[in-house]
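Report on the following structure.
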Amino acid sequence: MRIVLLTLLLWIAAPVCAFQVQPMVAELAPMGKQAQRNMRIVNIEDTPLTVEVSAKNLVINSQGEEQLTDNDSDFLILPMTAVIPPGQAQTIVVRYIGEPALAASKAYRIVIDQVALPNQAQSSVGMALSFRTLFNVAPEDAKADLAITDIRSDEKAWQVNISNSGNKYIRLIKTKWILQQGEEQRIVQGPALSAALQTSFIPPNSARVIGFTPPAGFKAETTKVRIEPLSH
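Residues -18 to -1, 1 to 214 (mature numbering (1 follows the signal peptide of the UniProt record, and there is no 0)) are what the sequence shown spells out, left to right.
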């Protein structure tokens, strides 16, 4: 039993990242120089790494579930397949070539899949890995417009109804939450906000119910909440 447990612990502790990807989040313009971004894939294994890069439409349904569909027309990706030697890096050019006159921002996943080849190790734990980066294409001067329409409390967290009537997505981790309960005020932002939120992304012209763990002592029925974007 000790041997089995030790083996299991060693397997869990083994590194699971065969490669690294940067950036994981990016914003592009629908045209011009800002419509292009370079991605960097680093092979941190001691064997060659083969990857495939693809684009997918990202849609969040009313239940907050992510839905992905293939998109072969909105992006020029060079190269789409690469073999990266051990310890080396590969630059991937990602350029948006879709509709230039966007009325609202659009969200995509640029997906980097490890390709399993015959007689080639997949990773240090024997599985092919996949990175799903978040790329948003936003028209110039697009803005999010948030409003809290309802707050309810369950046993573990608040359920906050947030509508975004603007034409740009919002990542709530890039905001600050101002909680006012009577004379007591608390500002939640940064790592504390990231830990408190169950999800962060709200597309334009949509509404979502966001799980939020409030600071101790704050009650949904007696607290007013205001969300403000972080100043750049």
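Don't be surprised by glycine CBs; every beta carbon is placed ideally from N, CA and C.
Please report how far the alpha carbon of residue i lies from the alpha carbon of residue j, in whole angstroms.
i: Ile26; j: Pro185; result: 34 Å
i: Thr131; j: Val207; result: 10 Å
i: Met21; j: Leu111; result: 17 Å
i: Asn149; j: Leu128; result: 11 Å
i: Gln104; j: Arg114; result: Unreliable positioning characterises Gln104 in this predicted model, as indicated by a pLDDT of 48, which lies under 50. The coordinate reading is nonetheless provided below. Cα to Cα, Gln104 sits roughly 18 Å from Arg114.
i: Asp95; j: Arg153; result: 25 Å
i: Ala178; j: Val76; result: 33 Å
i: Gly199; j: Arg134; result: 15 Å
i: Phe117; j: Phe57; result: 11 Å
i: Ile155; j: Pro197; result: 16 Å
i: Gln2; j: Arg19; result: 17 Å
i: Phe194; j: Pro82; result: 36 Å
i: Trp140; j: Met6; result: 28 Å
i: Ala71; j: Val24; result: 4 Å
With DSSP as the reference, please indicate the residues paired to residue i in a beta bridge.
i: Leu84; result: In DSSP, Leu84 forms no bridge with anything.
i: Ala71; result: Val24
i: Glu34; result: Thr63, Asp95
i: Glu166; result: Gln163
i: Ile133; result: Val142
Contact check, residue i vs residue j under 8 Å by CB: the rounded distance?
i: Ser36; j: Val93; result: 5 Å
i: Ala120; j: Ser87; result: 4 Å
So, with DSSP's three-state summary, where would you put residue i?
i: Ile155; result: helix
i: residue 216; result: Because the chain here runs from -18 to 214, residue 216 falls outside it and cannot be looked at.
i: Ala110; result: coil
i: Gln45; result: coil
i: Gln141; result: strand
i: Gln2; result: strand
i: Gln171; result: coil
| Ordered list of alpha helix (DSSP H) runs contained in the region 183 to 214, each at least 4 residues | none
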